[in-house]
Every structure is written in C-alpha cells, then in structure tokens.
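Encoded as structure tokens, the structure appears first; notes follow it.
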Amino acid sequence: MNRSIYLDHSATTPVSETALAAMLPYFSEIYGNASGIYAQGRRAKEGLENARLIVADVLNAQPGEIIFTSCGSESDNLVLRGAAWQARRSGKGRHLIVSAIEHKAVLDTAHQLADFFDFDLTVLPVDGQGLIDPDDLRAALRADTLLVSIMTANNEIGTVQPIAELTAIAREHGIPFHSDAVQAPGHLSLDVETSGLDALALSGHKFYGPKGVGVAYVRGGTTLMPMQTGGGHERKRRAGTENVAGIVGLAAALAEAETLRPAESTRLATLRNRLFDAIPALVPDTRISGHPQQRLSHHASFLFAGIEIQGVLMGLDMVGIAASSGSACTSAAQAPSHILVAAGIDPIAAAGHLRLTLGRSTTDEDIDYVLETLPPLVHRLRQFSGR
Ligand code: PLP
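Every letter in the sequence shown is one number past the one before it in my numbering, and letter 261, counting from 1, is 294.
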C-alpha cells in the first residue's frame with residue numbers, strides 16, 4: 034500500500050473545502066475590479082469588505098485596521114519599513130528591536146534598514162528553548178525606539194513567546210509592538226486586545242487558505258508610510274488591485290481555523306505528544322528542540338545527534354512521509370539555521386534537525402507509521418556514517 038502522509042503543515046497547508054468554495058465565484062461570475070462603481074465592481078467590493086469584517090472579527094480589531102497584502106513576508110516588510118520610513122519622515126525614532134529567531138522577512142528587513150538606511154538595530158537573544166527574557170526587552174528600549182518586532186511563534190522550533198507580557202513592557206514606554214503571527218492561526222488566539230499588539234502579520238496559506246495573500250493588522254493611530262505606492266487601495270496603505278478571490282478565501286479559512294481551534298489544537302497536541310514521548314525513547318541521543326510546553330500544538334522538532342537530516346528526509350519521502358528540517362539549510366557543510374544557532378545549538382548538532390508539523394489530515398495511524406519507520410531509518414543512517 035502506498036502511504037502519503039503530509040507532516041509539513043508549518044511550511045504550507047492545503048486549501049480547505051470551505052475556503053475553496055468561498056473563493057470560486059470570484060474567479061468567474063464576480064470578476065469585477067473592486068474599485069469599479071458599476072454592479073460588477075460593487076459585488077467584488079462587497080466580497081472584499083465582508084472578508085475584512087471577518088478577519089477583523091477574529092482579531093477583535095476594527096475593519097479599518099486590516100490591510101490585505103500578497104503574503105506574510107510582505108506584511109512584515111510593510112510594518113517594519115512603513116514604521117521606519119514614517120519615523121524618518123517625522124524625525125521621531127531611529128531604533129528598532131527584533132529577536133534573533135525572527136523569520137528572515139523580519140530579520141533581513143531590519144538588517145537592511147540598519148545597514149543601508151542608518152537605523153539602529155538591537156537583536157534580542159533567546160534562551161536554549163527559544164524564549165526571550167522580558168528583562169532583555171526592558172533593557173533594550175530607548176527613547177528613540179520606533180518599533181519592537183517579536184514573533185508570536187517560531188516556525189522551526191515551535192516556541193511560543195509570552196507576547197502579552199512583552200507588549201505590556203513596550204506599551205509602558207509608548208512604543209508600538211509588531212508580531213509575525215504567521216504560524217499562530219488555528220493554534221493560538223489572535224485577539225489583539227488580549228495580546229496588546231499594535232501590528233501583526235498573517236499569511237493565508239499557513240491556515241488552509243490560498244497562497245499569495247496575507248494580512249497586516251495595524252492598530253488605529255499607528256501611521257505607516259506605504260511601501261507599495263500607486264492607487265489608493267487599502268486606504269492608501271498598500272497600492273494594487275486587490276486579489277479579491279484570495280482575500281475571500283483567506284477570510285473564510287481564518288474564520289474556520291478559529292472555529293476549529295479549541296478541539297483541533299487539543300487533538301493535535303495529543304498526537305504530537307505521542308511523538309515527543311516515543312521518539313527520544315526509541316532513538317538514542319535525541320532531544321527535542323524549542324520549548325517542550327510553550328510551543329505550537331501541532332509542532333514537533335528533534336535534534337538527532339551524529340546525522341545529517343537530508344538522508345532522513347529522503348528516506349521518509351521514500352516511505353511516503355513529507356517532513357522537513359524546518360529551514361533551507363540541512364547540511365553541516367552549509368551555514369546552519371540562524372534560529373538553531375540563536376538557541377545555542379552548535380552547527381554539527383543543528384544539521385540533525387527534523388521538524389514534523391501535524392495538521393487536519395493527521396491521524397493516530399499516521400503517528401504509528403512514523404514511529405514504525407523513523408527510528409530504524411535514523412539507526413541505519415547512523416550506521417552508514419560510522420556511528
Ligand atoms: N513568517 C513566518 C514565521 C513564516 O513561517 C513564514 C513562512 O514560512 C513567513 C513569515 C512568510 O510567509 P509567506 O510565505 O506568506 O511570505
């Protein structure tokens with residue numbers, strides 16, 4: 034029997050039936066440009082604004098605070114660059130704070146602003162489990178800090194930050210706080226009143242919506258200079274004819290993920306914990322990466338000593354299991370992942386990093402199959418490499 038088990042839901046997810054059904058009419062009969070004043074345009078605009086209401090509702094935000102973008106990376110770029118350029122324009126602030134384990138959409142943007150545009154940058158360290166120390170944030174804040182950007186949950190090691198505690202510190206000093214929350218939907222609350230966030234980034238394809246569409250939430254009163262200029266779309270904050278079908282699909286997927294969240298995150302954590310209990314017991318010299326409890330419910334990640342994970346990934350693929358290392362670099366010969374390095378993992382150990390991220394299709398039988406196939410595979414590869 035040919036098995037096909039997808040365990041890379043942090044990389045992307047399939048489009049749900051709900052999201053697909055919501056999108057389909059917008060590819061055919063409702064094709065108008067949402068800026069048109071005629072009936073076709075108005076119908077598209079209605080779909081767009083209804084999607085905005087749905088997203089705002091899940092975030093406990095105002096519809097006018099939702100900006101639709103082309104992806105999570107664009108949303109991060111828009112918030113960081115938009116805040117930095119606005120600060121430059123108003124002469125208020127030249128310092129940014131980010132964490133060392135941010136996705137490159139945040140980290141590279143922050144470095145570019147520092148390296149080429151004369152902003153100051155503080156990169157906060159994390160501990161061995163990927164957590165920020167709130168005292169480090171407190172100590173890094175300056176009178177001229179224009180933005181703090183710390184991700185809600187990490188894509189590679191699954192660690193979830195104490196965001197409400199961190200935003201409270203920035204808020205005491207009146208400094209806006211952005212979070213890359215791309216990995217959060219379906220697993221964590223996105224309520225911006227509870228979290229205290231002033232901005233956040235989401236990406237449709239991480240929660241069973243389509244690829245190529247994202248959200249930037251920006252709290253009212255926080256002014257960003259637009260990064261993409263042109264027409265007056267998205268209240269002049271992001272020019273470009275809206276991807277109405279994608280936006281409608283994203284909104285339907287987000288609402289569905291939020292409805293399913295309580296039951297699904299509990300179910301996934303139970304399955305994930307089976308991996309956490311069994312794999313280190315079945316495979317010697319193995320440890321969990323990231324925080325064992327404060328982590329995404331569907332996220333399991335491991336460090337296998339004495340192995341390069343590429344061979345494991347290929348072996349898993351041959352038995353029908355799609356998994357990943359969690360980062361683009363999987364060989365000790367290449368630069369190790371900046372996230373693992375920031376968590377204090379040495380390059381040799383980092384080469385043995387495996388990420389298994391579960392999703393709606395994952396069953397108990399899938400976990401049985403992983404537990405049957407993975408340990409002997411690691412064992413064989415270690416033998417080949419002379420361990
Ligand atoms: N931020 C995080 C934490 C991610 O995991 C990803 C995607 O892997 C992104 C940002 C980028 O999202 P997108 O692929 O929509 O640009």
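For every residue, glycine included, the Cβ atom is placed at its ideal position computed from N, Cα and C.
Taking the C-beta atoms as reference points, residue 224 is found nearer than 8 Å to residue 92. The shortest CA-to-CA distance from residue 419 to any of 294, 233 and 338 is the one to 338. With a 10 Å radius around the Cβ and a threshold of 16 neighbouring Cβ atoms, residue 375 comes out buried. Nearest to residue 51 by alpha-carbon distance, out of 278, 261, 300 and 402, is 278.
By the Cβ rule, the region 229 to 243 does not count as touching the region 265 to 273, because fewer than three pairs are nearer than 8 Å.
If you look at residue 100, you'll find it isn't in any alpha helix (DSSP H); it sits in the beta strand (DSSP E) that goes 99 to 102. Secondary structure of residue 324 (DSSP, three-state): coil. In its chain, beyond the 5 residues on either side, 331, 390, 391 and 392 have a beta carbon closer than 7 Å to the beta carbon of residue 42.
If you compare the alpha carbons of 336, 408, 130 and 345 with that of residue 382, the shortest gap goes to 336. Rounded to whole angstroms, the separation of the alpha carbons of residue 104 and residue 241 is 14 Å.
Burial state of residue 209 is buried, judged by a 10 Å Cβ sphere holding 16 or more other Cβ atoms. Unbroken beta strand (DSSP E) runs of no fewer than 3 residues, entirely contained in the region 224 to 276, are found at 232 to 236 and 247 to 251, following chain order.
Proximity of the beta carbon of residue 351 to the ligand PLP is not indicated: no heavy atom of the ligand is located closer than 7 Å.
Scanning its chain for C-beta atoms nearer than 7 Å, with the 5 sequence neighbours on each side dropped, one finds around residue 190 the residues 163, 322, 323, 334, 372 and 376, in chain order. Using a C-beta cut-off of 8 Å, the region 400 to 415 makes contact with the region 296 to 314, since at least three inter-stretch Cβ pairs fall below that distance. Under the three-state reduction of DSSP output, residue 314 falls in the helix class.
In this structure, residue 188 has its beta carbon less than 7 Å from a heavy atom of the ligand PLP.
In this structure, the C-beta of residue 238 approaches the ligand PLP to less than 7 Å from one of its heavy atoms.
DSSP, read as helix, strand or coil, puts residue 71 in coil.
Nearest in C-alpha terms to residue 187, of all of 66, 221 and 108, is 221.
With respect to the 8 Å criterion, residue 253 and residue 98 are classified as neighbours on the basis of their beta carbons. Taking the Cβ of residue 143 as the reference point, every heavy atom of the ligand PLP lies at 7 Å or farther away.
In its chain, beyond the 5 residues on either side, 353 have a beta carbon closer than 7 Å to the beta carbon of residue 35.
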